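Chains A and B supply the protein sequences, listed in that same order.
Read in order, the letters of the first sequence correspond to residues 1 to 320 in our numbering.
Read in order, the letters of the second sequence correspond to residues 321 to 691 in our numbering.
Every residue gets a Cβ at the ideal spot worked out from N, C-alpha and C, and that includes glycine.
It should be emphasised that the depicted structure is a prediction, and the values quoted were computed from it without experimental measurement.
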Amino acid sequence: MRVGIPRAMLYHHYGECWLEFMETLGVEVFVSDYTTSDILTRGTVHADNENCLPVKVFSGHMFELKDRVDLALVPRVVSEEYGTWACPKFLGLPDLARSLDPDLPDVLAPVMDLGDRRCLWVKDWYRTARALGASRLSAAAAVTGLLENLARHRLQSRAHVDTGDMKIGVAGHLYNVHDPRVSLGLLDRIRAMDATPLTVDHVLRSRARYHANTLSRKIFWSFESRLAGTVLNWSRSRSVAGILFVTSFACGPGSMVGALLEDQLGREGSVPLMTITLDEHAAEAGLVTRLEAFIDMLRYSGRADTRVGGAAVRAGGGPR
Amino acid sequence: MRLAVPRMGNLALIIRDLAVRFDLDYVETPPFSENTVRIGAALAPEFACLPLKAVLGNFVEVVENGADTLVTSGGHGPCRFGYYSEIQRRILEREGVEFRMLVLEPITTSLRAFYNSLRELIPREKASLPALFRELKQALDKMVAFDVLDKRAMALRGLEVVPGAVDAALAEARGMMIGAFTAKEIREARCEAEARLRGVRVDTSRSHLKIGIVGEIFVVLEPFFNFDIERWLGRRGAVVERATSISDRIYPRGRHPVFGYDEDSVAAAARPFLNHKIGGDGLLSVGATVIYARRGFDAVVHLLPFTCMPEVIAKGILGRVSSESGLPVLSLSIDEQTGRAGVETRLEALMDLAWSNRRAKERSAEMGVVR
Numbered sequence: 001m002r003v004g005i006p007r008a009m010l011y012h013h014y015g016e017c018w019l020e021f022m023e024t025l026g027v028e029v030f031v032s033d034y035t036t037s038d039i040l041t042r043g044t045v046h047a048d049n050e051n052c053l054p055v056k057v058f059s060g061h062m063f064e065l066k067d068r069v070d071l072a073l074v075p076r077v078v079s080e081e082y083g084t085w086a087c088p089k090f091l092g093l094p095d096l097a098r099s100l101d102p103d104l105p106d107v108l109a110p111v112m113d114l115g116d117r118r119c120l121w122v123k124d125w126y127r128t129a130r131a132l133g134a135s136r137l138s139a140a141a142a143v144t145g146l147l148e149n150l151a152r153h154r155l156q157s158r159a160h161v162d163t164g165d166m167k168i169g170v171a172g173h174l175y176n177v178h179d180p181r182v183s184l185g186l187l188d189r190i191r192a193m194d195a196t197p198l199t200v201d202h203v204l205r206s207r208a209r210y211h212a213n214t215l216s217r218k219i220f221w222s223f224e225s226r227l228a229g230t231v232l233n234w235s236r237s238r239s240v241a242g243i244l245f246v247t248s249f250a251c252g253p254g255s256m257v258g259a260l261l262e263d264q265l266g267r268e269g270s271v272p273l274m275t276i277t278l279d280e281h282a283a284e285a286g287l288v289t290r291l292e293a294f295i296d297m298l299r300y301s302g303r304a305d306t307r308v309g310g311a312a313v314r315a316g317g318g319p320r
Numbered sequence: 321m322r323l324a325v326p327r328m329g330n331l332a333l334i335i336r337d338l339a340v341r342f343d344l345d346y347v348e349t350p351p352f353s354e355n356t357v358r359i360g361a362a363l364a365p366e367f368a369c370l371p372l373k374a375v376l377g378n379f380v381e382v383v384e385n386g387a388d389t390l391v392t393s394g395g396h397g398p399c400r401f402g403y404y405s406e407i408q409r410r411i412l413e414r415e416g417v418e419f420r421m422l423v424l425e426p427i428t429t430s431l432r433a434f435y436n437s438l439r440e441l442i443p444r445e446k447a448s449l450p451a452l453f454r455e456l457k458q459a460l461d462k463m464v465a466f467d468v469l470d471k472r473a474m475a476l477r478g479l480e481v482v483p484g485a486v487d488a489a490l491a492e493a494r495g496m497m498i499g500a501f502t503a504k505e506i507r508e509a510r511c512e513a514e515a516r517l518r519g520v521r522v523d524t525s526r527s528h529l530k531i532g533i534v535g536e537i538f539v540v541l542e543p544f545f546n547f548d549i550e551r552w553l554g555r556r557g558a559v560v561e562r563a564t565s566i567s568d569r570i571y572p573r574g575r576h577p578v579f580g581y582d583e584d585s586v587a588a589a590a591r592p593f594l595n596h597k598i599g600g601d602g603l604l605s606v607g608a609t610v611i612y613a614r615r616g617f618d619a620v621v622h623l624l625p626f627t628c629m630p631e632v633i634a635k636g637i638l639g640r641v642s643s644e645s646g647l648p649v650l651s652l653s654i655d656e657q658t659g660r661a662g663v664e665t666r667l668e669a670l671m672d673l674a675w676s677n678r679r680a681k682e683r684s685a686e687m688g689v690v691r
């Protein structure tokens with residue numbers, strides 16, 4: 001039996017944990033290849049046209065699995081933090097995957113509700129493991145391993161490598177930012193311009209949570225809460241020269257959090273913030289032009305500030 | 321403190337009732353217009369959904385009319401609705417509008433938060449706790465009555481003998497309800513009002529389509545945004561049923577006194593297609609469509625604001641429900657640029673499809689008899 005995992009959406013968050021779970025069970029796993037234009041086009045054609053870009057990418061990856069695997073693993077991630085929800089798209093993702101095309105492999109959809117009590121969702125993974133033919137013992141071992149990995153994953157933050165003199169905060173969903181095709185190689189482009197890109201997973205969750213709690217109304221989406229906290233952390237500690245808010249077309253939580261951050265950063269007086277919206281038609285030239293302009297502006301204003309001797313802080317939300 | 325509450329379907333009727341009950345000073349929110357939407361769309365974030373933009377425009381208008389306290393509802397997700405209040409507050413503050421925003425948290429978030437925000441509106445001097453409870457219960461009963469009248473009118477409109485008779489009767493029936501305040505008055509007025517609707521002459525022998533309406537509550541309930549779809553379908557001889565109503569949404573314990581199927585049975589109906597709640601009205605849209613398919617409806621119209629997160633998921637899943645049950649489902653996504661002609665053309669096509677399905681079914685039934 002071969003189980004496939006689409007390399008999209010929350011695979012970029014929890015992929016390693018899921019892979020290890022499957023390996024412990026001794027199941028052969030097939031992960032779809034990195035996103036290509038073909039995959040993206042197929043997803044755009046088959047998924048509903050109103051879906052956000054990542055869901056279209058996910059749909060394309062589901063079609064990659066067709067005829068190659070017997071089952072597809074699409075965990076239903078309900079929440080990532082206590083008292084929050086994942087985006088509704090994640091809540092309905094397995095059902096959406098089943099509705100895409102009748103010829104697609106069957107979907108395994110164990111629930112992952114990290115913010116809730118384990119007793120409510122862990123048995124789902126145990127049942128999945130048993131359904132894949134594991135013995136009771138190895139199923140239990142795999143589930144324990146999964147929980148340990150998830151706990152470790154929560155405490156980690158990614159270490160960054162300096163590739164330039166200036167740090168740029170890239171605030172966006174990991175599945176957009178870490179997917180070179182979807183983000184049009186955004187991170188590499190920033191590195192090529194002698195700057196160091198920092199992403200949301202470079203900041204500890206606890207720090208992000210601390211800053212997110214200072215907002216006047218709690219953000220109830222798990223990832224967006226972390227993202228907003230990270231941006232506030234960057235902006236308040238001045239650890240980055242500028243922030244790129246990367247969102248995708250029709251991203252629901254992104255539309256709200258983008259407006260919120262723009263307003264909040266504008267009130268606090270912060271480093272410059274630029275919003276980049278990705279969609280399946282996004283072209284490299286447009287992205288590169290804006291990126292160059294943004295980084296040039298940061299460099300120029302940095303130099304100008306040192307000339308007049310100080311005040312690297314500017315009021316206002318910066319350019320959009 | 322001059323209150324204002326955003327508009328949504330029958331909500332305006334019940335706000336008027338509450339204002340009389342608790343002696344509130346409130347400003348009637350102007351009905352939605354092109355201008356409302358233009359104001360809202362100019363201020364709101366680009367990808368925010370239509371209800372946010374429309375309500376924002378509504379707030380700006382009502383503050384111009386003299387309101388200083390904007391009452392709105394909170395929420396805890398995962399639908400974007402729960403974060404509206406914060407975004408709208410920040411946008412209005414940025415625009416220099418002077419107001420105070422009072423957010424009524426839903427009971428499911430926190431009973432204490434709900435009670436405290438309610439007490440800011442209705443202080444203890446105006447109503448003691450038992451009185452508050454009693455009055456709210458009666459207001460809820462009245463709300464249910466209004467929604468039930470709507471439901472009956474929708475079922476009759478396609479069959480009326482004299483065009484416009486149902487709407488005239490509905491207006492009269494609502495008038496009877498508006499004056500009722502105590503439990504007994506409400507009970508009696510509801511009987512009388514329903515009798516008034518029953519008195520409308522209908523032609524039950526006329527062959528007609530049965531069409532269900534599901535979708536996001538705001539666009540389903542607000543005639544300005546759905547181009548008065550209930551009446552439009554009714555005028556063309558369709559019997560219409562709507563799965564969403566305000567009283568179903570706020571009725572305690574997930575009972576749906578108007579729709580008639582409680583939360584659990586809706587979830588059970590949706591289970592083969594959608595196995596988890598996805599916020600907003602997503603699960604209800606899928607569940608109600610399955611229920612309508614079982615009840616032999618001819619078509620379902622699914623209304624959603626453009627980019628609505630739960631309903632976009634539901635839209636993808638409804639495609640599968642439709643192909644497995646043979647029930648035509650038309651998803652109409654609505655935003656500030658949707659035009660009446662486009663919606664009506666698609667609805668006409670849906671009705672033609674439903675009629676031809678019906679005739680094909682009848683033909684095959686006849687052939688079955690011959691064999």
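Original post:
Who does residue 124(A) pair with in a DSSP beta bridge?
Top reply: Locating residue 124(A) in the first sequence gives position 124, counting from the first residue. Residue 124(A) is not bridged to any residue.
**OP:** Consider the Cβ of residue 89(A): report whether some Cβ of chain B lies at a distance smaller than 8 Å.
**Re:** Mapped onto the first sequence, residue 89(A) falls at position 89. Chain B, which has a Cβ nearer than 8 Å to the Cβ of residue 89(A), makes this yes.
Subject >> Distance between residue 622(B) and residue 673(B) (C-alpha atoms, nearest Å) >> reply: The sequence position of residue 673(B) within the second sequence is 353, counting from 1. The sequence position of residue 622(B) within the second sequence is 302, counting from 1. Distance between the alpha carbons of residue 673(B) and residue 622(B): 16 Å.
**OP:** Report yes or no: is there a C-beta of chain A within less than 8 Å of the C-beta of residue 632(B)?
**Re:** Position 312 of the second sequence holds residue 632(B). Cβ-Cβ to chain A under 8 Å: yes for residue 632(B).
Subject >> Where residue 83(A) falls, given that 16 or more other Cβ within 10 Å makes a residue buried >> reply: As a working mapping, residue 83(A) is identified with position 83 in the first sequence. Exposed: under 16 other Cβ atoms inside 10 Å.
Subject >> Whole-angstrom C-beta distance between residue 98(A) and residue 107(A), which should lie under 8 Å >> reply: If you number the first sequence from 1, residue 107(A) lands on position 107. If you number the first sequence from 1, residue 98(A) lands on position 98. The Cβ separation is near 5 Å, so the contact holds.
Subject >> CB contact check: residue 251(A) to chain B, cutoff 8 Å >> reply: Within the first sequence, the letter at position 251 stands for residue 251(A). Closer than 8 Å to some Cβ of chain B, the Cβ of residue 251(A) qualifies, so yes.
Original post:
Is the segment 460-471 of chain B touching the segment 566-578 of chain B, taking contact as three or more C-beta pairs under 8 Å?
Top reply: yes
**OP:** Please classify residue 319(A): does DSSP put it in a helix, a strand, or coil?
**Re:** If you number the first sequence from 1, residue 319(A) lands on position 319. Summary for residue 319(A): the model assigns pLDDT 42, below 50, so the residue's position carries little reliability; its value from the coordinates is reported in the next sentence. Three-state DSSP puts residue 319(A) in coil, outside helix and strand.
**OP:** Inspect the CB distances between the segment 234-241 of chain A and the segment 145-164 of chain A and report whether three or more fall short of 8 Å.
**Re:** no
Original post:
In this structure, does DSSP put residue 463(B) in helix, strand or coil?
Top reply: Numbered from its first residue, the second sequence carries residue 463(B) at position 143. Three-state DSSP puts residue 463(B) in a helix.
**OP:** Give the secondary structure of residue 219(A) by DSSP, where H, G and I count as helix, E and B as strand, and everything else as coil.
**Re:** Here residue 219(A) corresponds to residue number 219 of the first sequence, with the count starting at 1. Here residue 219(A) sits in coil by DSSP.
**OP:** Report all residues from its chain with a CB closer than 7 Å to the CB of residue 356(B); omit the five preceding and five following residues, and keep chain order.
**Re:** Along the second sequence, read from residue 1 onward, the residue named residue 356(B) stands at position 36. Cβ neighbours of residue 356(B) beyond the five flanking positions: 374, 377, 378 and 381.
Subject >> Beta-carbon proximity of residue 274(A) to residue 249(A), cut-off 8 Å >> reply: The residue labelled residue 274(A) in the question sits at position 274 within the first sequence. The residue labelled residue 249(A) in the question sits at position 249 within the first sequence. Not a contact, by the Cβ cut-off of 8 Å.
**OP:** Taking residue 166(A) as part of the beta strand (DSSP E), name the residues at either end of that continuous run.
**Re:** As a position in the first sequence, residue 166(A) is number 166, starting the count at 1. Its beta strand (DSSP E) spans residues 166-172.
Subject >> Residues, ordered as in the chain, of the segment 391-421 of chain B that lie near chain A by beta-carbon distance below 9 Å >> reply: 394, 395, 396, 397, 398, 399, 400, 402, 403, 404, 405, 406, 407, 409, 410, 411, 413 and 414
**OP:** Would you verify that the beta carbon of residue 121(A) is, or is not, closer than 8 Å to some beta carbon of chain B?
**Re:** In the first sequence, the residue the question calls residue 121(A) occupies position 121. No - not a single Cβ of chain B is within 8 Å of the one on residue 121(A).
**OP:** May I ask you to list, following chain order, the residues of the segment 212-233 of chain A that have a beta carbon less than 9 Å from some beta carbon of chain B?
**Re:** 215, 216, 217, 218, 219, 220 and 221
**OP:** Report yes if the CB atom of residue 390(B) is closer than 8 Å to the CB atom of residue 434(B), and no otherwise.
**Re:** Along the second sequence, read from residue 1 onward, the residue named residue 390(B) stands at position 70. Along the second sequence, read from residue 1 onward, the residue named residue 434(B) stands at position 114. Not a contact, by the Cβ cut-off of 8 Å.
Original post:
Can you tell me whether residue 33(A) is buried or exposed, with buried defined as 16 or more other CB within 10 angstroms of its CB?
Top reply: Counted from its first residue, the first sequence places residue 33(A) at position 33. Exposed, because fewer than 16 other Cβ atoms sit within 10 Å of the Cβ of residue 33(A).
Original post:
Does any C-beta atom of chain A lie closer than 8 Å to the C-beta of residue 637(B)?
Top reply: In the second sequence, counting from the first residue as 1, residue 637(B) sits at position 317. Output row for residue 637(B): interface = yes.
Original post:
Going by other Cβ atoms of all chains shown within 10 Å of its Cβ, with 16 needed for buried, is residue 408(B) buried or exposed?
Top reply: Walking along the second sequence from the start, residue 408(B) turns up at place 88. Flag for residue 408(B) reads buried.
Original post:
Quick one: is residue 323(A) buried, meaning 16 or more other Cβ sit within 10 Å of its Cβ, or exposed?
Top reply: Since the first residue of chain A shown is 1 and the last is 320, residue 323(A) is not available in this structure.
Original post:
If you drop the 5 nearest sequence neighbours on each side, which residues of the same chain put their C-beta closer than 6 Å to that of residue 481(B)?
Top reply: If you number the second sequence from 1, residue 481(B) lands on position 161. Answer for residue 481(B): 521 and 523, listed in chain order.
Subject >> Range covered by the beta strand (DSSP E) that runs through residue 21(A) >> reply: Residue 21(A) sits at position 21 when you count from the first residue of the first sequence. Element bounds for residue 21(A): not the beta strand (DSSP E) but the alpha helix (DSSP H), 11-25.
Subject >> Buried or exposed by the 16-neighbour rule on C-beta atoms within 10 Å, applied to residue 16(A) >> reply: As a first step, residue 16(A) is located in the first sequence; it is residue number 16 there, counting from the start. Classification for residue 16(A): exposed.
**OP:** Taking only the alpha-carbon atoms, compute the straight-line gap between residue 601(B) and residue 637(B) and give it to the nearest angstrom.
**Re:** Within the second sequence, residue 601(B) is the residue found at index 281, counting from 1. Within the second sequence, residue 637(B) is the residue found at index 317, counting from 1. Those two C-alpha atoms are separated by around 14 Å.
Original post:
By Cβ distance, which residues of its chain are closer than 6 Å to residue 318(A), with the 5 residues on each side in sequence left out?
Top reply: Here residue 318(A) refers to the residue found at position 318 of the first sequence. Note that residue 318(A) scores a pLDDT of 40, beneath 50, so its modelled location is shaky and nothing firm can be said.
Original post:
Ordered along the chain, which non-local residues of its own chain (more than five positions away) have a Cβ less than 8 Å from that of residue 514(B)?
Top reply: For the purposes of this step, residue 514(B) is identified with residue 194 of the second sequence, where counting begins at 1. Excluding sequence neighbours, residue 514(B) sits near 468, 469, 472 and 493.
Original post:
With C-beta atoms as the reference, is residue 86(A) less than 8 Å away from residue 222(A)?
Top reply: For this step, residue 86(A) is matched to residue 86 along the first sequence. For this step, residue 222(A) is matched to residue 222 along the first sequence. The answer is yes: Cβ separation under 8 Å.
Original post:
Under the rule that 16 or more other beta-carbon atoms within 10 Å means buried, what is residue 49(A), buried or exposed?
Top reply: Position 49 of the first sequence, counted from the start, is the residue given in the question as residue 49(A). Exposed is the call here.
**OP:** Output, in chain order, the set of chain B residues within a Cβ distance shorter than 8 Å of residue 99(A).
**Re:** Numbered from 1 along the first sequence, position 99 holds the residue referred to as residue 99(A). Per Cβ cutoff of 8 Å: 593, 636, 637, 639 and 640.
Original post:
In chain A, which residues lie less than 8 Å from residue 602(B) when you measure between Cβ atoms?
Top reply: Counted from its first residue, the second sequence places residue 602(B) at position 282. Ordered by position in chain A, the residues that pass the 8 Å Cβ test against residue 602(B) are 88 and 92.
Subject >> Whether residue 61(A) touches residue 109(A) by CB criterion (8 Å) >> reply: For the purposes of this step, residue 61(A) is taken as residue 61 along the first sequence, with counting starting at 1. For the purposes of this step, residue 109(A) is taken as residue 109 along the first sequence, with counting starting at 1. Their beta carbons are not under 8 Å apart, which means residue 61(A) does not touch residue 109(A) by this criterion.
Subject >> Closer than 7 Å at the beta carbon, the chain A residues around residue 627(B) >> reply: To locate residue 627(B), count along the second sequence from 1; it is residue 307. Simply 50, 250 and 252.
Original post:
Taking 8 Å as the CB-CB cut-off, is residue 326(B) touching chain A?
Top reply: What you label residue 326(B) is simply residue 6 of the second sequence in a count that begins at 1. No, because no Cβ of chain A sits closer than 8 Å to the Cβ of residue 326(B).
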